[in-house]
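Undergrad: Mapping of the sequence shown onto this note's numbering: residues 1 to 155, in sequence order.
Backbone N, C-alpha and C fix where the C-beta goes; we use that ideal spot for every residue, glycine too.
What follows is a structure written as structure tokens; I'll ask about it next.
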Amino acid sequence: MRLLLLIAALLAGCASIAPPEAPSPLPPAPVEGAVPTIPPPPPAAPAPNPAVERLMASARADEAASRLGSAEATIERALRIAPRDPRLWQQLARIRLQQGEYRQAESLAARSNTWAGGDNALRAENWSLIAQARDALGDSAGARAAQRNAERYAR
Numbered sequence: 001m002r003l004l005l006l007i008a009a010l011l012a013g014c015a016s017i018a019p020p021e022a023p024s025p026l027p028p029a030p031v032e033g034a035v036p037t038i039p040p041p042p043p044a045a046p047a048p049n050p051a052v053e054r055l056m057a058s059a060r061a062d063e064a065a066s067r068l069g070s071a072e073a074t075i076e077r078a079l080r081i082a083p084r085d086p087r088l089w090q091q092l093a094r095i096r097l098q099q100g101e102y103r104q105a106e107s108l109a110a111r112s113n114t115w116a117g118g119d120n121a122l123r124a125e126n127w128s129l130i131a132q133a134r135d136a137l138g139d140s141a142g143a144r145a146a147q148r149n150a151e152r153y154a155r
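If you want it as structure tokens, here you go:
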């Protein structure tokens with residue numbers, strides 16, 4: 001029994017608690033005169049799909065000739081090819097606005113903004129469409145807020 005206690009005591013003495021992990025080192029202090037790193041630019045927009053470009057041109061021609069139903073169908077066809085193209089959503093919003101579908105125009109312009117990325121000109125145009133739709137719906141406060149957003153992105 002004594003031997004067993006002696007072995008247990010010796011083994012307990014050999015056990016050690018691991019030291020706490022050292023905190024991760026701090027980032028190096030900036031070196032005087034060093035050039036700060038610049039984050040990489042956002043990825044370039046994908047190359048336009050030629051079929052989508054042709055459909056957009058056709059829809060614009062239909063829209064200019066007041067053939068809004070045909071323009072709408074053409075844009076919807078293009079959206080089946082490129083559902084994340086914010087220009088298509090914006091064009092459909094513009095058509096809906098002309099058709100008097102103001103709520104849908106506002107929703108489509110907002111959807112265009114979700115895919116617009118860093119294209120501030122497109123965002124400004126979308127906010128302008130939203131302002132026009134809200135104004136047509138009688139929401140003058142909402143229209144003013146949307147117009148302020150349009151102006152902010154237009155800068």
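Check whether the Cβ atoms of A133 and R123 sit closer than 8 Å, and answer yes or no.
TA: No.
Undergrad: On the three-state DSSP scale, how would you describe D62?
TA: Residue state, collapsed to three classes: helix.
Undergrad: Quick one: is I75 buried, meaning 16 or more other Cβ sit within 10 Å of its Cβ, or exposed?
TA: That one is buried.
Undergrad: Looking at the secondary structure, which residues open and close the alpha helix (DSSP H) in which P86 lies?
TA: First-last of the alpha helix (DSSP H) with P86: P86 to Q98.
Undergrad: Name the residue from E125, N49 and Q90 whose alpha carbon lies nearest to the alpha carbon of Y153.
TA: It is E125.
Undergrad: By a C-beta neighbour count over all protein chains shown, 10 Å radius and 16 as the cutoff for buried, is R87 buried or exposed?
TA: So R87 ends up on the buried side.
Undergrad: In the structure shown, what three-state DSSP assignment does D135 receive?
TA: Correct three-state label for D135: helix.
Undergrad: Determine, using beta carbons only, whether A93 and A78 come nearer to each other than 8 Å.
TA: Cβ atoms of A93 and A78: not closer than 8 Å.
Undergrad: Buried or exposed: where does S140 fall if 16 or more other Cβ atoms within 10 Å of its Cβ makes it buried?
TA: Result: exposed.
Undergrad: Thinking C-alpha only, which one of G138, L137, L129 and R155 is nearest A146?
TA: The shortest Cα separation from A146 among G138, L137, L129 and R155 belongs to L129.
Undergrad: Taking 8 Å as the cut-off, decide whether the C-beta atoms of P89 and R111 are in contact.
TA: Checking the sequence shown, residue 89 turns out to be Trp, not Pro. For W89 and R111, yes; Cβs fall inside 8 Å.
Undergrad: Give the straight-line distance between the Cα atoms of A59 and L68, rounded to the nearest whole angstrom.
TA: Approximately 8 Å between the Cα atoms of the pair.
Undergrad: Going along the chain, which residues of its own chain have a beta-carbon closer than 7 Å to the beta-carbon of A71, five neighbours each way excluded?
TA: Cβ within range, chain order: A59, D62, E63 and I95.
Undergrad: Is any heavy atom of the ligand PLP found at a distance shorter than 7 Å from the C-beta of A65?
TA: With respect to small molecules bound, the structure shown includes none, and the ligand PLP cannot be examined in it.
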